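What follows is a short report on a single structure.
Number of protein chains: 2
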Amino acid sequence: MNNFVFHNPTKIIFGREILSQLGKEVSAYGKKVLMVYGQNSIKQNGVYDQVMASLAAAGIAVFEFQGVKGNPVVSHARQGADLARAEKVDVILAVGGGSVLDEAKAIAAGAVENIDVWDFFTGTKSISKALPIITVITLPATGSEMNGGMVITNEDTKEKFGMGGIPALFPKVSFLDPETTFSLSLKQTAYACADIMSHLSEGYFTTSATTLPVQDGYIEGLVKAVMTSMLKIQVNPSDYDARAHFMWVATLGWNELGTCGIPNGTIPCHALEHPISGIYDVAHGAGLSIVTPAWLKFRKNQIAHRILQYGKNILGIDTDSPDVVIEALEAFYKSIGAPIRMGQSQIVSPDFDALTLQSMKLFNAWGITGYTKDDILEIYHLCV
Amino acid sequence: MNNFVFHNPTKIIFGREILSQLGKEVSAYGKKVLMVYGQNSIKQNGVYDQVMASLAAAGIAVFEFQGVKGNPVVSHARQGADLARAEKVDVILAVGGGSVLDEAKAIAAGAVENIDVWDFFTGTKSISKALPIITVITLPATGSEMNGGMVITNEDTKEKFGMGGIPALFPKVSFLDPETTFSLSLKQTAYACADIMSHLSEGYFTTSATTLPVQDGYIEGLVKAVMTSMLKIQVNPSDYDARAHFMWVATLGWNELGTCGIPNGTIPCHALEHPISGIYDVAHGAGLSIVTPAWLKFRKNQIAHRILQYGKNILGIDTDSPDVVIEALEAFYKSIGAPIRMGQSQIVSPDFDALTLQSMKLFNAWGITGYTKDDILEIYHLCV
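Written as structure tokens, this is what we have:
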């Protein structure tokens with residue numbers, strides 16, 4: 004096992020009817036909040052009203068900042084940071100999915116520095132402080148509610164960049180009410196499922212270790228849990244327990260715990276996916292269910308033992324053939340309605356050069372070694 | 004799933020050669036520390052020297068307080084609190100096993116209040132603040148390095164009382180260096196293994212839920228990991244990876260994460276064990292490998308489905324008989340050298356009345372319902 008530091012101070016408040024506690028938790032950090040959210044979904048599912056009522060009861064002044072996109076864009080984050088500075092808010096409150104949370108983090112960091120927010124993503128400027136962040140997560144997938152990471156797209160350069168493990172970006176408190184996810188479509192839930200499975204599996208597949216009892220046990224248990232919960236949600240989208248387990252796996256799947264101590268764990272599927280959702284604006288999870296089988300096919304000879312262990316301990320398949328496991332994974336994605344080829348996401352003639360160029364930047368930035376330009380191109384060709 | 008709050012701000016520094024960072028971490032909280040430890044083991048295995056060197060390099064003044072017992076006693080904790088107050092230390096540094104950490108927590112709480120430390124345990128006084136606690140854990144088992152709990156024995160009344168989830172008692176930083184555990188005997192390691200398995204399994208066996216995908220996956224994965232690691236340590240006590248996995252499971256096994264959301268999870272085996280180690284001064288883990296099979300035999304008809312799931316997913320036994328699973332668990336305990344009957348721990352004529360009386364107090368204090376005095380007596384009889 005590798006040396007590691009784990010420090011995750013986010014407080015999680017989980018369950019039914021918890022949003023009435025929001026105002027009190029926010030009060031501990033200030034009396035003026037910038038509330039960041041997306042489009043209309045939180046108004047339709049009642050979350051907006053619950054949030055506003057709790058903040059009002061605690062006497063908190065709210066400045067609303069809406070319009071966060073599914074793949075959040077830096078121009079909008081810049082506006083948010085300007086507003087936060089202008090209104091001198093004490094707290095950034097994010098209400099929505101991972102995109103809203105990520106943009107809220109960029110705003111929280113940008114609000115305390117008079118710089119261009121994009122400088123954080125290009126590495127021109129590091130983040131040492133941010134306004135306190137509190138979240139109400141309504142689309143469990145990215146784990147942003149309990150980690151120090153964020154991802155933003157620059158719509159001018161079509162670059163989608165991210166970072167992780169920044170102490171100032173861990174939310175102070177995150178509210179997870181599974182009932183707020185009942186209104187998610189099965190498609191949104193399936194994409195989230197693919198995202199969560201990828202977060203849990205990247206280190207599992209890429210590690211140089213043969214076996215890792217603690218991490219393998221943790222990861223196998225949680226991947227099984229999210230798959231089981233997804234299948235129950237397909238039958239009944241308002242199954243509280245299934246939604247609750249799904250939601251809690253999403254958080255545990257990318258809160259920096261599952262990756263602790265894994266030797267040489269990297270995230271190549273994420274580095275392959277970001278250019279897809281950055282250029283074509285498909286859901287991140289949909290991109291992951293496309294690139295993951297392609298990447299596994301490309302790497303199957305080097306990591307056969309890990310693929311077979313995944314098959315046995317997660318999918319319940321006893322086989323000597325990595326191909327059989329990869330086919331079973333594709334069959335699962337298909338069964339939940341997640342795409343496994345670019346054409347299924349309306350990417351009919353992909354710009355392989357642009358994808359490869361951007362992906363190589365991420366491989367470099369994230370320290371993922373052992374891939375040539377031709378390797379990456381080959382994986383993208385396996386996606387069509 | 005039940006509603007829950009999870010908030011664990013302890014920073015974990017894990018791996019080889021980490022103790023040189025201790026002084027720097029302590030410095031963030033002050034310049035005068037009370038260093039709490041046990042007998043001579045940390046002097047024999049080199050940990051004492053490493054700790055002292057790192058503290059000296061950071062210019063920290065150290066007041067030593069040694070002599071913590073295997074089952075820490077309140078009279079010693081009172082002396083420690085007096086010393087901490089007299090010397091006006093800024094930080095309590097615990098170096099040792101769970102007993103040392105637990106007593107250090109009692110001292111940290113006692114140092115800021117001019118009261119009898121035992122009042123915290125009887126519930127006369129609640130803990131709202133404590134001096135900052137930093138730990139170097141050298142016997143992984145209790146999870147005290149990453150939780151807000153502690154257990155202390157009152158040697159006058161022969162009562163062993165504990166508490167959990169106290170925000171002020173979470174260590175600020177805990178150092179986990181697997182190499183410091185190489186010198187633990189196989190017996191100590193086996194008792195620790197039984198303790199860790201019990202921490203993970205109590206909620207698993209007692210919950211009213213039929214299945215809990217997330218928690219079951221987490222628990223099953225970690226119990227398998229500690230069993231696998233224990234067997235490797237038996238072959239080679241200096242197997243770094245096995246010691247590292249063992250150590251990390253111990254922390255994850257009782258850091259309040261595995262119990263999140265479990266409906267009606269309780270800890271009856273701990274409530275049955277504390278009187279045994281309190282009265283007879285056997286190791287807590289040894290007491291647990293005795294009471295756990297006895298408790299399972301007593302409850303096997305009510306929780307047959309959970310015992311069978313444990314057998315299938317953890318022990319790899321496909322059976323319809325809970326007895327077969329319980330026998331396999333006993334066989335595992337025997338194979339690692341942990342006792343499964345009181346006689347094996349030199350408790351030849353147990354005082355059933357005293358055990359039952361004390362245990363009932365704990366069942367009441369910890370809200371464990373559904374057991375009569377005769378039930379508890381019957382379980383103790385199954386331990387002989």
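Here the protein sequences come in this chain order: A and B. Residues 4 to 387 in the working numbering are what the first sequence spells out, letter by letter. Residues 4 to 387 in the working numbering are what the second sequence spells out, letter by letter. The C-beta atom is built at its ideal place from N, Cα and C for all residues, glycine as well. The structure displayed is predicted, hence computed values, not measured ones.
Taking G346 of chain A as the centre and dropping the five residues before and after it, the same chain places the C-beta of V387 closer than 7 Å to its C-beta, in chain order.
E67 of chain B is not a Cβ neighbour of G83 of chain B, given a cutoff of 8 Å. The criterion of a C-beta distance shorter than 8 Å is satisfied by I265 of chain B and N5 of chain B. Per DSSP, A64 of chain B lies in no alpha helix (DSSP H) segment; the continuous beta strand (DSSP E) that holds it begins and ends at A64 to F68. If one requires a minimum length of 3 residues, no beta strand (DSSP E) run lies completely within the stretch 284–356 of chain A. With its beta carbon less than 8 Å from one in chain A, A228 of chain B belongs to the interface. Interface flag for D242 of chain A against chain B is unset, since no Cβ pair is found closer than 8 Å. A direct Cα-Cα distance of roughly 7 Å separates G256 of chain A from L225 of chain A.
Below the 8 Å Cβ cutoff, chain B contributes G220 and G224 as neighbours of E223 of chain A, in chain order.
The beta carbon of V285 of chain B lies closer than 6 Å to those of S348 in the same chain, with the five residues before and after it left out. T192 of chain B does not reach chain A, its nearest Cβ partner there being about 15 Å away, counting only Cβ pairs nearer than 8 Å. For M233 of chain B, no Cβ of chain A is located within less than 8 Å of the residue's own Cβ. Within the DSSP secondary-structure output, A97 of chain B pairs in a beta bridge with B:V39 and B:T138. Within chain B, not a single residue places a beta-carbon under 9 Å from that of V98 of chain A; the smallest gap is close to 19 Å. As DSSP reads the structure, F9 of chain A sits in a beta bridge with B:I15. Exclusion of the five residues before and after G41 of chain B leaves V71, G99 and V103 as the residues of its chain whose Cβ lies within less than 6 Å of its Cβ. In the three-state DSSP reduction, N239 of chain B falls in the coil class, being neither helix nor strand.
Every alpha helix (DSSP H) stretch that sits fully inside the stretch 100–126 of chain A and reaches 4 residues is listed by chain position as 101–114 and 121–125. In the DSSP assignment, I169 of chain A is bridged to no other residue. F208 of chain B: member of the alpha helix (DSSP H) spanning L189 to T209, first to last residue. Interface criterion met: the Cβ of R19 of chain A is under 8 Å from a Cβ in chain B. Residue-level contact check: F9 of chain B touches chain A, since one or more beta carbons of chain A fall below 8 Å from its beta carbon. Within chain B, the residues P12 have their CB atoms less than 7 Å from the CB of P12 of chain A, given in chain order. Counting only Cβ-Cβ distances below 8 Å, W251 of chain B has contacts in chain A at M4, V217, C263 and G264, in chain order. For the C-beta of I310 of chain A, not a single chain B residue is nearer than 7 Å; the gap to the nearest is close to 19 Å. Annotated as proximal: I279 of chain B and L358 of chain B, with beta-carbon spacing under 8 Å.
In the structure shown, the three-state DSSP call for K163 of chain A is strand. Identification of chain B residues near I339 of chain A by a Cβ-Cβ cut-off of 8 Å yields none; the smallest Cβ-Cβ distance measures about 16 Å. Contact between A80 of chain B and I110 of chain B is confirmed by a C-beta separation of about 6 Å, below the 8 Å threshold. Exposure of L360 of chain B is indicated by the presence of fewer than 16 other C-beta atoms within 10 angstroms of its C-beta. Within 10 angstroms of the beta-carbon of P170 of chain B lie fewer than 16 other beta-carbons, which makes it exposed. Distance between N157 of chain A and W369 of chain A, taken at the CA atoms: about 18 Å. Shown here, F178 of chain B sits in a strand according to DSSP, grouped into three states. In the three-state reduction of the DSSP assignment, I155 of chain A falls in the strand class. Under the Cβ distance rule, H202 of chain A does not count among the residues neighbouring chain B, no pair being separated by less than 8 Å. B:V77 is the residue among B:N316, B:K315, B:V77 and B:A97 whose C-alpha sits nearest the C-alpha of D159 of chain B.
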